[in-house]
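Numbering (our numbering), first residue to last: -1 to 438. Here the structure is laid out as structure tokens; the discussion comes afterwards.
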């Protein structure tokens, strides 16, 4: 986090006329929320990095976007645009992930130091609507949206294991083709059936339409509908929001359209595994819970543990052919979607195990012998990701370049739509050669 702010400050020092940095809010722990703005155009683009604490790539992406926009006046003066780049929406959570950010970039190191707040403490969610938003980070983002009224908002997310995809609040024709081209150029798999878009409209390969928010239970909110969120808050201003997901570890099978011989058998296996893993983790949690104490650090780790243990069985039921037959059937399943479900089930278990590992370590005592058991489970499940699913690390430079190019594509397409509505001409942007990828 310190490096991110320092690099943004250095960039402003080098370009005092065209770049500026201002504090737009303060986190729960008192950390500043910094907005880096480039250009002086009347049309505002907003890019939000770090909405999820365990997804750090967006911070590097906004710095690269700042460099690109400063180097190419067609993206600012030529488009009558100002780029507003929020360096990190959840700096407190990001700090808690710094233990793995310096490497080594292994699945085991990542999950043993994984942190993400409980669902109700994630700043893009609006469980009580915008008027009831209590988190200072959320209020800062809502105020910024109301101030800027951006024609485009991009929320930068990261998939820990899987593939790249984009979620939109409004269709941007042509984006799927640009995503496909960018992913192919950079060797990044596209996720052609993410588990959280199972019931969402598909706008093109790896591009999905976020449905309008509606009330529902927690599991349904995650798997069937969009919760109320800051993605939709600026919708009345004509804003289109693009949620840009970039994977850290890629799995080739998430873009395999082949139909398996027995999809139901595979679904039963995924559901059975998730139920088994959840029961196993519930047993470990019951053993260690009495010795954890009640410090604020323990409470922050307990909240997501409770969420994952609650959601796991519901997800398993929603995927099990024997359980959902009388409720809501899944759409047709190919290898890509089945792989995404397998990855998602394993993700819930691994995140929970990693958080429990941190809780026991934080307590400084392990009379129940949970740490060796948790280490064994984390190693076993990471090996399944690596050897069973073929998960491979994607260098940071490629993750950043992918996100930056997709944001620029969305900017071009959304800008064209907005400019037609504003009765002004096309900016002529987008025909130039691709910018070479930076070295790792």
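The beta-carbon is built from N, C-alpha and C at its ideal position, and this holds for glycine as well.
| said: Taking its Cβ as the centre, do 16 or more other Cβ atoms sit within 10 Å of residue 197, making it buried, or is it exposed? | reply: In the chain shown, residue 197 corresponds to position 199, counting from 1. Its Cβ having fewer than 16 others within 10 Å, residue 197 is exposed.
| For residue 81, the nearest candidate out of 88, 72 and 87 (CA to CA) | Stepping through the chain shown from its first residue, residue 81 is reached at position 83. Among 88, 72 and 87, the Cα nearest to that of residue 81 belongs to 72.
| query | On the three-state DSSP scale, how would you describe residue 495? | reply | Residue 495 lies beyond the stretch modelled for the chain, which goes from -1 to 438, so this question has no answer here.
| request: Measuring alpha carbon to alpha carbon, tell me which of 131, 237 and 352 ends up nearest residue 412. | output: Counted from its first residue, the chain shown places residue 412 at position 414. Comparing Cα positions, the closest option is 237.
| Limits of the unbroken alpha helix (DSSP H) element including residue 296 | Here the question's residue 296 lines up with position 298 in the chain shown. Run containing residue 296: 294 to 317, per the alpha helix (DSSP H) assignment.
| request: Starting from residue 205, follow the beta strand (DSSP E) in both directions and report where the run begins and ends. | output: What you label residue 205 is simply residue 207 of the chain shown in a count that begins at 1. Where residue 205 is concerned, the enclosing beta strand (DSSP E) stretches over 205 to 207.
| Bridge partner(s) assigned by DSSP for residue 42 | To locate residue 42, count along the chain shown from 1; it is residue 44. Its beta-bridge partners are 80.
| task | To the nearest angstrom, report how far apart residue 22 and residue 365 are at their CA atoms. | result | One-based indexing of the chain shown puts residue 22 at position 24. One-based indexing of the chain shown puts residue 365 at position 367. Residue 22 and residue 365: Cα-Cα distance of roughly 46 Å.
| query | Rounded to a whole number of angstroms, what is the C-alpha to C-alpha distance between residue 69 and residue 393? | reply | As a position in the chain shown, residue 69 is number 71, starting the count at 1. As a position in the chain shown, residue 393 is number 395, starting the count at 1. Taking the straight line joining both Cα atoms gives about 24 Å.
| task | In the DSSP assignment, find the alpha helix (DSSP H) that holds residue 287 and state where it starts and stops. | result | Position 289 of the chain shown holds residue 287. From DSSP, residue 287 is part of no alpha helix (DSSP H); its letter is neither H nor E.
| request: Any chance you could list the beta strand (DSSP E) runs of at least 3 consecutive residues sitting entirely within the region 133 to 177, in chain order? | output: 150 to 160 and 163 to 166
| said: Just to confirm my understanding: we take residue 189, look at its own chain, exclude 5 residues before and 5 after, and list those with CB closer than 8 Å. What are they? | reply: Indexing the chain shown from 1 puts residue 189 at position 191. Counting only Cβ-Cβ distances below 8 Å, and skipping sequence neighbours, we find 157, 160, 161, 162, 163, 204, 243, 245, 252, 253, 334 and 338.
| query | Residues in its own chain within less than 7 Å of residue 233 by CB, not counting five upstream and five downstream? | reply | For this step, residue 233 is matched to residue 235 along the chain shown. Within the same chain, residue 233 has close Cβ partners 167.
| Residue from 382, 355, 368 and 407 whose Cα sits closest to the Cα of residue 113 | As a first step, residue 113 must be located in the chain shown, where it is residue number 115. The shortest C-alpha separation from residue 113 is found at 355.
| query | What is the DSSP secondary structure of residue 122, counted as helix, strand or coil? | reply | Translated into the one-based positions of the chain shown, residue 122 becomes position 124. Correct three-state label for residue 122: coil.
| query | Taking the alpha helix (DSSP H) that residue 65 falls in, what are its first and last residues? | reply | Numbered from 1 along the chain shown, position 67 holds the residue referred to as residue 65. Run containing residue 65: 55 to 69, per the alpha helix (DSSP H) assignment.
| query | Taking residue 398 as the reference, which of 57, 30, 343 and 12 has the closest Cα? | reply | As a working mapping, residue 398 is identified with position 400 in the chain shown. That would be 57, whose Cα lies nearest to the Cα of residue 398.
| message | Quick check on the DSSP output: what are the complete alpha helix (DSSP H) runs of length 4 or more inside the region 95 to 120, in order along the chain? | response | 96 to 99 and 105 to 110
| message | Closest to residue 199 by C-alpha separation, out of 0, 293, 169 and 227, would be which residue? | response | Sequence index remark: in the chain shown, residue 199 carries index 201 (1-based). Answer by Cα proximity: 169.
| query | Where residue 84 and residue 63 are concerned, what is the direct C-alpha to C-alpha distance, given to the nearest angstrom? | reply | The sequence position of residue 84 within the chain shown is 86, counting from 1. The sequence position of residue 63 within the chain shown is 65, counting from 1. Cα to Cα, residue 84 sits roughly 11 Å from residue 63.
| request: Assign residue 272 to one of three DSSP states: helix, strand, or coil. | output: Within the chain shown, the letter at position 274 stands for residue 272. The three-state secondary structure of residue 272, taken from DSSP, is helix.
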